[in-house]
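Student: Numbering (the numbering used here), first residue to last: 1303 to 1540. Here's a structure for you.
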Amino acid sequence: MTPALRPAIAVLCFLLAVAFAVSPFLVEGFAGFDPEQFPIRQDNPPVQPAGYAFAIWSVIYGWLILGLGWGMLRAPRDGQWHDMRLPLCISLAVGTAWLSVAVASPVWATVLIWVMLIAALAALFMAPVADTPWAALPVGLYAGWLSAASCVALGLLAAGYGWLDQQVAALVFVGFAIFIGCFVQTALRRAPTYGLAVIWALVAVAVANWHMAQVVAWLAAVGIVVMLVPTLAALRRQ
1303 MTPALRPAIA
1313 VLCFLLAVAF
1323 AVSPFLVEGF
1333 AGFDPEQFPI
1343 RQDNPPVQPA
1353 GYAFAIWSVI
1363 YGWLILGLGW
1373 GMLRAPRDGQ
1383 WHDMRLPLCI
1393 SLAVGTAWLS
1403 VAVASPVWAT
1413 VLIWVMLIAA
1423 LAALFMAPVA
1433 DTPWAALPVG
1443 LYAGWLSAAS
1453 CVALGLLAAG
1463 YGWLDQQVAA
1473 LVFVGFAIFI
1483 GCFVQTALRR
1493 APTYGLAVIW
1503 ALVAVAVANW
1513 HMAQVVAWLA
1523 AVGIVVMLVP
1533 TLAALRRQ
C-alpha cells in the first residue's frame, strides 16, 4: 500500500472505532447469549464472568476512540501506526457487526470473535513503541478482553451443544484463557493493559463461581496469580 493512502486508513480506523462503540445502541437488549440459543439451555454457566465485568467495554470503546483519534491527527503517515491500523481495521469492522450476529447465532458469533481476537493480537504486536498511551495500551486492553471473551464463547458452545459438561467446559476454557493470556503477555513484554484485562475477566469468573462452582473459582484465582507475573514485568518496562 502506498504511503499516500496511510492518512485514509488512519481516518477509516478511527471511524470504525466510533462505529464499534455505537453498535451496542443499535442492537436492542443484548446482554449476552440467550440461554435458549443452545440445544442445551445455558443458565448461569460457570465459564461466564460476573455481569459487572462487561463494564470494561466502556473503557475499551472510549480509549480506542481517543487513541485512534490522536493517531489520526498526529501520526497519519507513520509506518508503525499504519502497520497496527491494518489488522485493527479488520477487528473493528467485524466487531461492529458482531452483536447483530450474536443475537442470531452463537456459533457464527464465536467464529467472528476469534477473527476479532486474531486481528487484534496482530495489531497489538505491531503497535508502535512510541505513543504507547494512544496505541499499544488501548489495543492491549481490547485484545486482552477479547482473549477472555473468545474462550468464554467456546466454553458456552461446548456446554450448550453437549460436547462437555458445564463445569468441565469452564475448567477447560478458563484454563485456555489463562494459557493464551500468559503466553501473549510474556511474548509481548509490554502493554500491561493486555494482562490487566485478562486478570479483570478472571476475577469476575472467580466472583461468579465462588458459591456455585468453587473448583472453577480456584482455577481462576490461580490464573490471576500466574497472569500477574508477566503483567507486572511488562508494567516495569513501561
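Note that the Cβ used here is the ideal one computed from N, Cα and C, for glycine as well. Keep in mind that this is a model prediction, so the values were computed, not measured.
1. Quick one: what's got a C-beta closer than 6 Å to F1340's C-beta in the same chain, skipping five residues either side?
2. Buried or exposed: where does M1514 fall if 16 or more other Cβ atoms within 10 Å of its Cβ makes it buried?
3. In the structure shown, what three-state DSSP assignment does L1521 receive?
4. Would you check if the distance between the CB atom of W1410 and the CB atom of V1403 is smaller than 8 Å?
5. Just to confirm my understanding: we take F1356, look at its own chain, exclude 5 residues before and 5 after, and list those with CB closer than 6 Å. What are they?
6. Helix, strand or coil for V1531 per DSSP?
7. Could I get the ranges of all uninterrupted alpha helix (DSSP H) runs contained in the segment 1414-1498, with 4 residues as the minimum, in chain order?
8. Are the beta-carbon atoms belonging to A1438 and A1429 less than 8 Å from one another?
9. So, for G1364: in the same chain, excluding its five sequence neighbours on each side, which residues have a beta-carbon less than 8 Å away from its beta-carbon?
10. When you compare each of L1375, E1330, P1532 and V1349 to V1517 by their alpha carbons, which one comes out closest?
11. Just to confirm before moving on: does the CB-CB distance between L1244 and G1442 stay below 8 Å?
12. Return the CA-CA distance between A1312 and A1321, expressed in angstroms with no decimal places.
13. Closest to A1460 by C-alpha separation, out of M1386, P1408 and R1308, would be which residue?
14. Classify N1511 as buried or exposed, calling it buried when 16 or more other Cβ atoms lie within 10 Å of its own Cβ.
15. Would you be able to state if there are at least three C-beta pairs under 8 Å between the segment 1487-1501 and the segment 1524-1537?
16. Terminal residues of the continuous alpha helix (DSSP H) containing G1381?
17. Is the distance from the Cβ of L1423 to the Cβ of A1406 below 8 Å?
18. Shorter than 8 Å from the beta carbon of A1506 to some beta carbon of chain C?
19. Starting from P1348, trace the alpha helix (DSSP H) both ways and give me its first and last residue.
20. If we count the other Cβ atoms within 10 Å of its Cβ and call it buried at 16 or more, is W1520 buried or exposed?
21. Using CA coordinates, which residue listed in L1414, F1316, A1399 and A1508 is at the minimum distance from G1473?
Tutor: To lay it out plainly:
1. Here residue 1340 corresponds to residue number 38 of the sequence shown, with the count starting at 1. Closer than 6 Å at the Cβ level, and outside the excluded window around F1340, lie G1462.
2. Along the sequence shown, read from residue 1 onward, the residue named residue 1514 stands at position 212. Exposed: under 16 other Cβ atoms inside 10 Å.
3. Along the sequence shown, read from residue 1 onward, the residue named residue 1521 stands at position 219. In this structure, L1521 counts as helix in the three-state DSSP scheme.
4. Along the sequence shown, one-based indexing puts residue 1410 at 108. Along the sequence shown, one-based indexing puts residue 1403 at 101. Result yes, Cβ atoms of W1410 and V1403 sit closer than 8 Å.
5. The residue you call residue 1356 lines up with position 54 of the sequence shown. Within the same chain, F1356 has no close Cβ partners at all.
6. Counting from one through the sequence shown, the residue named residue 1531 turns up at place 229. Residue state, collapsed to three classes: helix.
7. 1438-1462 and 1468-1490
8. Position 136 of the sequence shown, counted from the first residue, corresponds to residue 1438. Position 127 of the sequence shown, counted from the first residue, corresponds to residue 1429. Cβ distance < 8 Å, so A1438 and A1429 count as in contact.
9. Counted from its first residue, the sequence shown places residue 1364 at position 62. These residues qualify, in order along the chain: A1323.
10. By 1-based counting over the sequence shown, the position of residue 1517 is 215. That would be V1349, whose Cα lies nearest to the Cα of V1517.
11. The requested residue 1244 is not part of the displayed model; the chain covers only 1303 to 1540.
12. The residue you call residue 1312 lines up with position 10 of the sequence shown. The residue you call residue 1321 lines up with position 19 of the sequence shown. Computed Cα separation, rounded: 14 Å.
13. By 1-based counting over the sequence shown, the position of residue 1460 is 158. Taking only the C-alpha atoms, the option nearest A1460 is P1408.
14. As a first step, residue 1511 must be located in the sequence shown, where it is residue number 209. With 16 or more Cβ atoms within 10 Å of its Cβ, N1511 is classed as buried.
15. yes
16. Here the question's residue 1381 lines up with position 79 in the sequence shown. First-last of the alpha helix (DSSP H) with G1381: G1381 to A1404.
17. On the sequence shown, position 121 is the one that residue 1423 refers to. On the sequence shown, position 104 is the one that residue 1406 refers to. Contact flag unset, no.
18. In the structure shown, chain C does not exist; there is a single protein chain.
19. Numbered from its first residue, the sequence shown carries residue 1348 at position 46. For P1348, no alpha helix (DSSP H) encloses it, and the DSSP letter there is neither H nor E.
20. Indexing the sequence shown from 1 puts residue 1520 at position 218. With fewer than 16 neighbouring CB atoms inside 10 Å of its own CB, W1520 falls in the exposed class.
21. Sequence index remark: in the sequence shown, residue 1473 carries index 171 (1-based). The amino acid at residue 1473 is misidentified as Gly; the sequence shows Leu. When each option's Cα is compared against that of L1473, the closest is A1508.
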